[in-house]
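Q:
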Amino acid sequence: MRHYLVTVDDKEYNITIDTRSGSYRINCNDQEISADATFLGESRSLLIVDGHSYEVDVRGNGYDSSQVVLLRGMEIPVQIEDYNLAQLRKTAGMGSAAKIQKDVRAAMPGLILEVKVKPGEHVVAGQPLLVVEAMKMENIIKAVGDGVIKSVAVTKGDSIDKGDKMLEFE
Amino acid sequence: MRHYLVTVDDKEYNITIDTRSGSYRINCNDQEISADATFLGESRSLLIVDGHSYEVDVRGNGYDSSQVVLLRGMEIPVQIEDYNLAQLRKTAGMGSAAKIQKDVRAAMPGLILEVKVKPGEHVVAGQPLLVVEAMKMENIIKAVGDGVIKSVAVTKGDSIDKGDKMLEFE
Amino acid sequence: MSRQIKKILIANRGEIAVRVIRACRDQEITSVAVFSECDRSAYHVRIADEAYYIGPSPSSESYLVHEKIIEVALSCGADAIHPGYGFLAENSVFAQKCVDAGLTFIGPKPETIALLGDKLQARQVAIKAGLPVTPGFEFDIDNLESAKREADKVGYPILVKAAAGGGGKGMRVVHKPDEFAEAITTASREATSAFGDGRVYVEKYLVRPRHIEFQILCDQHGNCLHLGERECSIQRRHQKVIEECPSPMMTPELRETMGAAAVNIARESGYIGAGTVEFLVDEDHSFYFLEVNTRLQVEHPVTELVTGIDLIKQQFHVAEGKRLSLTQDDIVLNGHAIEYRIYAEDPQAGFMPSTGTLKNYRIPAGPGVRVDSGVVIHSEIPIYYDPMIAKLSVWGQDRMEAIRRGRRALEEYRLAGVTTTIGFHRVVMDNQTFIDGNLSTRFLEEEYPDNKYSLLNDSLKQKAAIATAIDRFVKERRIMTQQGKQGESGWLRRHRADTVKHFSGSK
Amino acid sequence: MSRQIKKILIANRGEIAVRVIRACRDQEITSVAVFSECDRSAYHVRIADEAYYIGPSPSSESYLVHEKIIEVALSCGADAIHPGYGFLAENSVFAQKCVDAGLTFIGPKPETIALLGDKLQARQVAIKAGLPVTPGFEFDIDNLESAKREADKVGYPILVKAAAGGGGKGMRVVHKPDEFAEAITTASREATSAFGDGRVYVEKYLVRPRHIEFQILCDQHGNCLHLGERECSIQRRHQKVIEECPSPMMTPELRETMGAAAVNIARESGYIGAGTVEFLVDEDHSFYFLEVNTRLQVEHPVTELVTGIDLIKQQFHVAEGKRLSLTQDDIVLNGHAIEYRIYAEDPQAGFMPSTGTLKNYRIPAGPGVRVDSGVVIHSEIPIYYDPMIAKLSVWGQDRMEAIRRGRRALEEYRLAGVTTTIGFHRVVMDNQTFIDGNLSTRFLEEEYPDNKYSLLNDSLKQKAAIATAIDRFVKERRIMTQQGKQGESGWLRRHRADTVKHFSGSK
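Protein chains in written order, with my numbering: chain W, 12 to 181; chain E, 12 to 181; chain B, 3 to 509; chain Y, 3 to 509.
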């Protein structure tokens with residue numbers, strides 16, 4: 012038997028998958044679910060829950076907590092953890108499973124047009140940090156929360172690759 | 012350098028692929044060919060020969076001589092052999108590279124409705140051998156050439172799987 | 003009398019189940035799929051709102067079991083059943099059971115299905131409605147001798163047909179009196195196996211007829227119209243493979259005459275819903291009633307492309323008891339459409355069914371192209387059902403544009419792992435007799451007597467040879483070096499250095 | 003004056019190159035693709051008759067290099083060049099070079115491109131042709147202070163636009179005088195980078211306008227007509243994402259007035275070929291000339307679906323010097339079409355471009371659905387070009403049917419590995435303001451101020467959770483047992499034993 016805590020948007024799902032009786036049983040938030048899943052290769056599967064049919068594509072590393080589920084044309088971000096580990100984490104007061112993003116990294120390759128902050132500077136959510144040209148468009152990278160800039164790894168005119176660190180918060 | 016004899020329909024192509032000069036060279040029937048190939052995964056590739064673009068899918072085992080090339084909507088049967096082995100075979104008078112089909116095997120699963128020949132019987136090309144029901148249709152299996160029946164492996168009412176031997180010629 | 007349909011169970015599989023499910027979604031009706039064991043991950047299951055298992059793979063244990071389907075429909079709260087074509091589509095007993103269970107059967111009344119489904123009775127209805135029929139007779143299979151004498155009177159060649167038949171099953175052409183007895187026996191046995199009804203009858207066989215059919219549409223209030231014709235002369239084993247709308251031989255006058263005849267038999271039989279009246283048309287343009295198909299046809303998309311009318315939406319509309327919102331004057335044929343049936347069959351081997359797994363599957367797209375496909379990549383083609391896996395339909399401003407677009411779309415179609423009719427269709431699109439519109443049901447046997455379908459020329463042969471050599475070279479090298487696991491081979495990486503020569507055009 | 007085109011080089015990539023190649027094949031014209039390094043195995047290369055390498059991946063070294071493209075065209079014997087949209091489509095210098103090299107440039111005359119491509123001159127032509135324009139002015143970027151005073155006179159908000167602009171590049175809305183200087187600087191810099199021309203000008207900014215454009219078509223003999231309008235109000239970053247035909251606000255009278263205005267500016271500028279006259283329409287239905295796009299638009303399929311006219315075929319026809327075979331009376335709008343641009347962008351992250359490899363790619367199909375796609379499975383989305391990878395267009399008998407069909411087709415679209423706008427479109431199709439047809443270019447910022455696009459309800463959340471749990475369970479088990487390499491897992495095999503419960507409907 013496996014026991015997971017799955018978080019979708021604001022909702023938590025406490026899901027057990029049990030094979031001990033010889034057949035598969037799914038329990039979701041204390042409710043028995045009649046579900047059938049057929050694997051279609053890779054991360055794709057066909058899920059029939061209570062007669063309702065969904066072709067799903069679960070993307071993400073098989074170990075990471077963050078997954079994206081493609082379902083009926085929507086990309087749905089989902090967090091999954093071992094249930095007991097999640098409880099332990101919660102008791103220890105560690106907040107969300109998602110790591111707090113201290114680094115600001117490039118989402119795609121581009122060119123730094125402008126650096127608008129300096130190390131030590133205190134910024135507020137929404138404040139512009141960098142201007143990056145990517146795919147011929149100027150994109151303004153804004154702070155997602157309040158914080159203090161620890162270091163700036165790029166200067167105007169730098170070419171950056173996807174994943175490159177551009178800034179670090181303290 | 013590799014040297015192949017490729018047979019398509021009635022035509023033979025004497026093809027060398029040469030990498031010794033550091034770049035790739037293709038020679039087909041004593042003509043230098045300007046060709047570029049990009050592999051698209053599995054057996055699919057994009058072939059540009061003298062500027063003409065072809066997306067091709069070469070199906071078949073990587074060792075067998077019989078291959079099928081999917082090209083511009085057509086399925087083209089092709090035979091490929093090592094050129095020197097083919098010459099050896101020809102000198103030895105072994106005829107075509109394709110094995111002579113002594114066995115009559117089921118092309119698909121079905122049900123034997125009728126067996127029209129007996130061991131020892133002499134049959135001529137086109138003569139009905141068996142009646143097989145497959146996909147709700149009656150199919151008459153006819154002799155592709157003249158010969159003598161060595162053995163019959165099925166009887167009326169048998170269910171057969173794809174590849175099952177039904178008859179053998181001497 | 004009118005009740006809105008909110009949830010439909012589709013008692014079918016493959017492309018037609020997908021087509022009906024799409025129509026449901028397009029009209030905001032909940033769709034319910036049913037599936038057999040081997041169809042567990044079939045495309046119709048994937049795109050339906052709901053899906054229920056109904057039994058093992060053989061259709062006799064799943065798609066043909068009346069009780070299972072009705073039970074699922076009732077338990078999931080469907081208010082209607084759409085039977086598609088094939089399976090239970092022309093089964094009056096099933097239609098009656100639906101009605102008895104309080105479900106709307108999307109099709110004609112059970113008694114109409116029974117009446118027209120019996121080819122012998124349908125002939126009588128046609129005669130009553132004033133339609134011309136081919137000379138022929140019915141007979142008792144135990145009295146072969148008198149039947150043989152009657153056949154002599156009709157004159158050979160004759161055609162043996164199953165009374166309950168359809169789709170070419172239980173049908174045989176007899177050219178000489180001494181083939182008569184065996185043909186009857188085989189046809190009757192095949193009919194028994196396919197329809198559970200071994201009755202056969204005999205008709206005069208027209209040697210070079212065209213198969214032309216009219217789409218009809220009737221509501222429950224006595225309104226009935228036709229949506230023009232389809233020409234379906236390109237057949238193998240008496241089964242259609244290429245259909246078009248309009249027919250290249252049709253004149254406005256003949257369309258009016260034949261369309262009126264189609265509407266007449268529909269009225270005579272109390273027809274409701276969408277149906278098809280099939281005719282054979284002789285070289286002198288005289289036409290003979292063949293049969294009525296009391297369901298949606300495989301080839302309905304060509305009519306949809308040329309009339310702009312969604313036939314399944316119309317079926318829903320009529321089944322809800324509503325009046326047709328169309329009149330005969332609204333039916334305008336615009337442009338030309340051709341449908342290609344993509345069968346898992348080997349045309350070079352006499353269209354022998356083939357099975358396997360789709361290793362590669364990419365459908366054509368773009369303007370004027372419609373694909374109705376029952377499969378996706380990695381789908382297995384099961385042995386249990388009809389080997390048609392998809393339909394490609396193209397539209398053009400005129401017939402020649404449709405043919406050119408057909409060639410393009412067929413070449414775009416990428417399908418590997420299973421032998422299909424795609425290449426066959428591509429060959430036919432270059433056939434001058436086809437291009438000239440000079441069609442008959444004997445087209446294939448006349449044009450391709452040895453089943454050899456090929457457009458190979460020396461240039462393409464050379465490309466096939468080079469492609470095979472390169473493929474072999476790369477595979478051998480991969481084995482030797484244990485490199486190139488990721489699709490792109492060393493061949494490519496090296497070769498990129500040379501690419502400027504392609505730009506420069508030098509060779 | 004008329005010369006038949008037999009071979010066309012398509013100086014573009016992606017879906018528009020595919021679209022033009024398909025049109026060539028549909029008309030039996032030989033198609034020639036060109037490709038950069040990263041487009042070596044792109045779909046447009048695969049389906050073209052011929053393909054030539056033209057340089058490294060950055061467009062400045064390949065698709066934008068006039069000489070390379072003309073050299074390939076000449077050496078392969080093409081007689082015409084189709085520029086698609088973007089890249090060289092509105093470059094009058096390139097068009098002139100084509101003409102000088104003896105090649106037919108499929109588009110208007112170079113001088114018309116130059117005239118209308120300069121937004122400032124185009125304004126003057128519009129005024130001369132009697133079209134209403136928004137209040138505005140041009141200015142010298144070195145004299146910002148006087149410009150600022152003029153801006154005060156026009157009244158804020160104002161819009162800064164690049165004279166050479168298009169596609170939202172070099173465009174900025176300025177709400178307050180103290181943002182004026184920075185907006186000018188940024189817009190000018192972006193315009194320099196995108197077009198090599200930093201000139202900008204200022205217009206009154208309409209707060210809630212609709213973007214409505216008219217498709218025009220003119221031959222070389224003075225015949226000019228319009229093919230109705232497209233509404234393109236749904237925009238992000240001043241770039242269209244959803245377009246439809248007809249506009250839900252249009253009346254026959256306004257269509258006639260605006261259509262006549264579009265034809266007037268076409269005549270005034272000596273227009274030849276297919277083009278688009280863009281307008282802003284205010285809430286009181288007053289309209290203002292915006293610009294002329296001297297090329298085929300991205301969104302041309304909605305016009306094709308509603309008029310039944312193949313615009314690229316018409317471009318070929320006109321470029322051959324032939325007279326239009328259509329008159330204004332032939333243009334009848336039938337039904338309703340919507341186009342969804344599928345961008346590799348993350349809508350939740352403010353439509354930030356995303357890159358990656360298409361792990362799964364299955365396009366929707368069936369009736370009323372058209373896909374123009376530049377990618378196939380395993381395609382990599384390169385960073386060098388516009389992130390639009392495909393267009394989905396749907397047709398319905400009326401707008402609501404088109405919306406429903408759009409929902410269905412968007413749900414059928416399977417694309418994994420890259421974040422796209424598919425889910426965003428699906429969300430908008432359920433937006434009541436959109437359904438009501440109450441559109442403006444501010445639609446997205448008004449309806450989704452926080453960029454949160456979601457249709458998640460508790461039922462779908464639960465399904466996503468269960469799907470993730472099952473996926474994780476199977477992956478963990480696979481690792482543990484080293485089984486299940488072949489796609490089908492032990493989960494499935496075991497589970498089949500239980501399937502009857504699904505049929506029985508028990509839970």
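Glycine included, C-beta positions come from ideal geometry on N, C-alpha and C. Every value quoted in this text rests on a predicted model; they were computed, and no experiment measured them.
Taking VAL47(B) as the query, report the chain W residues whose CB atoms sit under 7 Å from its CB, ordered along the chain.
A: Taking the third sequence and counting its residues from 1, the one referred to as residue 47(B) is at position 45. Near VAL47(B) (Cβ distances below 7 Å), the residues of chain W are LEU57, SER64.
Q: Does the separation of the CB atoms of THR443(Y) and SER249(Y) fall below 8 Å?
A: Working through the fourth sequence from its first residue, we reach residue 443(Y) at position 441. Working through the fourth sequence from its first residue, we reach residue 249(Y) at position 247. No, they are not a contact pair.
Q: Hey, TYR54(Y) and VAL67(Y) are a contact pair by Cβ (cut 8 Å); roughly how many whole angstroms apart?
A: Counting from 1 along the fourth sequence, the entry for residue 54(Y) is found at position 52. Counting from 1 along the fourth sequence, the entry for residue 67(Y) is found at position 65. Actually they do not touch by this definition, with Cβ atoms about 13 Å apart.
Q: Should HIS228(B) be labelled buried (16 or more other beta-carbon atoms within 10 Å of its own) or exposed?
A: Within the third sequence, residue 228(B) is the residue found at index 226, counting from 1. Under this definition HIS228(B) is a buried residue.
Q: Keeping to the same chain, check which residues put their C-beta closer than 7 Å to that of LYS9(Y); ignore five residues upstream and five downstream.
A: For the purposes of this step, residue 9(Y) is taken as residue 7 along the fourth sequence, with counting starting at 1. Excluding positions up to five away in sequence, the list reads ILE31, THR32, VAL34, GLY79, ALA80, ASP81.
Q: What did DSSP end up calling TYR158(Y) once you bin it into helix, strand or coil?
A: Here residue 158(Y) refers to the residue found at position 156 of the fourth sequence. In the structure shown, TYR158(Y) sits in coil (DSSP, three-state: anything other than H, G, I, E or B).
Q: Expressed to the nearest angstrom, what Euclidean distance is found between the alpha-carbon atoms of ALA411(B) and SER56(E)?
A: Here residue 411(B) is taken as the residue at index 409 of the third sequence, counted from 1. Here residue 56(E) is taken as the residue at index 45 of the second sequence, counted from 1. Here the alpha carbons of SER56(E) and ALA411(B) stand approximately 20 Å from one another.
Q: So the beta strand (DSSP E) THR194(Y) belongs to, where does it begin and stop?
A: Against the fourth sequence, residue 194(Y) aligns to sequence position 192. Run containing THR194(Y): none in the beta strand (DSSP E); it sits in the alpha helix (DSSP H), 182 to 197.
Q: Going by DSSP in three states, LYS465(B) sits in which element: helix, strand or coil?
A: On the third sequence, position 463 is the one that residue 465(B) refers to. In the structure shown, LYS465(B) sits in a helix (DSSP, three-state: H, G or I).
Q: Considering only the beta carbon of each residue, do LEU124(W) and GLU144(W) sit closer than 8 Å?
A: Here residue 124(W) is taken as the residue at index 113 of the first sequence, counted from 1. Here residue 144(W) is taken as the residue at index 133 of the first sequence, counted from 1. Yes, they are a contact pair.
Q: Any beta-carbon of chain W closer than 8 Å to the one on LYS524(Y)?
A: The first residue shown for chain Y is 3 and the last is 509, placing residue 524(Y) beyond what the model contains.
Q: Check this for me: beta carbons of VAL204(Y) and VAL135(Y), under 8 Å apart or not?
A: Looking up residue 204(Y) in the fourth sequence gives position 202. Looking up residue 135(Y) in the fourth sequence gives position 133. In this structure, VAL204(Y) sits away from VAL135(Y), with a CB-CB distance that is not shorter than 8 Å.
Q: By the criterion of Cβ-Cβ separation under 7 Å, what are the contact partners of LEU81(W) in chain Y?
A: Within the first sequence, residue 81(W) is the residue found at index 70, counting from 1. Chain Y residues near LEU81(W): ALA418.
Q: List the residues of chain B that ASP374(Y) touches, going by C-beta distances under 9 Å, in chain order.
A: Numbered from 1 along the fourth sequence, position 372 holds the residue referred to as residue 374(Y). ALA367, GLY368, PRO369, listed in chain order.
Q: Quick check on VAL430(Y): buried or exposed, where buried means 16 or more other Cβ atoms within 10 Å of its Cβ?
A: Position 428 of the fourth sequence, counted from the first residue, corresponds to residue 430(Y). It counts as buried.
Q: Give me the chain Y residues within the contact set of VAL378(B), using Cβ-Cβ distance strictly less than 9 Å, ordered along the chain.
A: Here residue 378(B) refers to the residue found at position 376 when the third sequence is read from its first residue. Within chain Y, the residues near VAL378(B) are ARG364, ARG416.
Q: Around the C-beta of GLY52(W), are 16 or more other C-beta atoms found within 10 angstroms, so that it is buried, or is it exposed?
A: Here the question's residue 52(W) lines up with position 41 in the first sequence. Result: exposed.
Q: Roughly how many whole angstroms lie between the Cα atoms of SER327(Y) and GLU233(B)?
A: The count along the fourth sequence starts at 1 and reaches residue 327(Y) at position 325. The count along the third sequence starts at 1 and reaches residue 233(B) at position 231. Taking the straight line joining both Cα atoms gives about 29 Å.
Q: Does the beta-carbon of VAL502(B) have 16 or more other beta-carbons within 10 angstroms, so that it is buried, or is it exposed?
A: For this step, residue 502(B) is matched to residue 500 along the third sequence. Low confidence applies here, because VAL502(B) scores a pLDDT of 26, under 50, leaving its location unreliable; read the following figure in that light. With fewer than 16 other Cβ atoms inside 10 Å of its own Cβ, VAL502(B) counts as exposed.
Q: Beta-carbon separation of ALA276(B) and LEU335(B) under 8 Å?
A: As a working note, residue 276(B) is residue 274 in the third sequence. As a working note, residue 335(B) is residue 333 in the third sequence. Taking 8 Å as the Cβ cut-off, ALA276(B) and LEU335(B) do not qualify as a contacting pair.
Q: Taking 8 Å as the threshold (C-beta atoms), are ILE160(W) and PRO130(W) in contact?
A: To locate residue 130(W), count along the first sequence from 1; it is residue 119. To locate residue 160(W), count along the first sequence from 1; it is residue 149. Taking 8 Å as the Cβ cut-off, PRO130(W) and ILE160(W) qualify as a contacting pair.
Q: Cβ closer than 7 Å: which chain B residues qualify as neighbours of ILE37(E)?
A: Walking along the second sequence from the start, residue 37(E) turns up at place 26. Going along chain B in sequence order, the residues near ILE37(E) (Cβ under 7 Å) are ILE468.
Q: To the nearest angstrom, how far is the alpha carbon of ALA511(B) from that of VAL209(B)?
A: Coverage of chain B is limited to positions 3 through 509, which leaves residue 511(B) absent and any answer about it impossible.
Q: Would ILE468(Y) and ILE37(W) qualify as a contact pair, given that the criterion is a beta-carbon distance under 8 Å?
A: Your numbering for residue 468(Y) matches position 466 in the fourth sequence. Your numbering for residue 37(W) matches position 26 in the first sequence. In this structure, ILE37(W) lies closer than 8 Å to ILE468(Y) by Cβ.
Q: Please classify LEU105(Y): is it buried, with 16 or more other beta-carbons within 10 angstroms of its beta-carbon, or exposed?
A: For this step, residue 105(Y) is matched to residue 103 along the fourth sequence. Classification of LEU105(Y): buried, given that the 10 Å Cβ count is 16 or more.
Q: If I follow the unbroken beta strand (DSSP E) through HIS380(Y), where does it start and stop?
A: If you number the fourth sequence from 1, residue 380(Y) lands on position 378. Run containing HIS380(Y): none; DSSP gives neither H nor E here.
Q: Please report the straight-line C-alpha distance between PRO159(B) and ASP284(B), rounded to a whole angstrom.
A: Translated into positions along the third sequence, residue 159(B) becomes position 157. Translated into positions along the third sequence, residue 284(B) becomes position 282. When rounded, the distance between both Cα atoms is 15 Å.
Q: How would you label ILE244(B), buried or exposed, when you count the other beta carbons within 10 angstroms and need 16 or more for buried?
A: For the purposes of this step, residue 244(B) is taken as residue 242 along the third sequence, with counting starting at 1. So ILE244(B) counts as buried.
Q: Over the uninterrupted beta strand (DSSP E) stretch that includes TYR450(B), give me the two end residues.
A: Against the third sequence, residue 450(B) aligns to sequence position 448. Run containing TYR450(B): none; DSSP gives neither H nor E here.
Q: Along the alpha helix (DSSP H) that carries SER94(B), what are the first and last residues, could you check?
A: To locate residue 94(B), count along the third sequence from 1; it is residue 92. Here the alpha helix (DSSP H) through SER94(B) covers 94 to 102.
Q: In terms of residues, what are the limits of the beta strand (DSSP E) holding HIS228(Y)?
A: Residue 228(Y) sits at position 226 when you count from the first residue of the fourth sequence. Counting along the chain, the unbroken beta strand (DSSP E) around HIS228(Y) starts and ends at 226 to 238.
Q: At a CB distance below 9 Å, what residues from the segment 140 to 163 of chain E approach chain Y? Give them in sequence order.
A: none
Q: Using CA coordinates, which residue listed in TYR94(W), ASP47(W), GLY158(W), PRO88(W) is at the minimum distance from LEU16(W)?
A: Here residue 16(W) refers to the residue found at position 5 of the first sequence. Here the closest residue by C-alpha is TYR94(W).
Q: For the segment 15 to 26 of chain E, enumerate the residues whose C-beta is nearer than 7 Å to any C-beta of chain B, in chain order.
A: Listed in sequence order: TYR15, VAL17, VAL19, ASP20, LYS22, TYR24, ILE26.
Q: So, for VAL378(Y): in the same chain, excluding its five sequence neighbours on each side, which residues have a beta-carbon less than 7 Å away from its beta-carbon?
A: Along the fourth sequence, one-based indexing puts residue 378(Y) at 376. Around VAL378(Y): TYR45, TYR363.
Q: So, does the CB of ASN336(B) fall closer than 8 Å to a CB anywhere in chain Y?
A: Taking the first residue of the third sequence as position 1, residue 336(B) is located at position 334. Yes - at least one Cβ of chain Y is within 8 Å of the one on ASN336(B).
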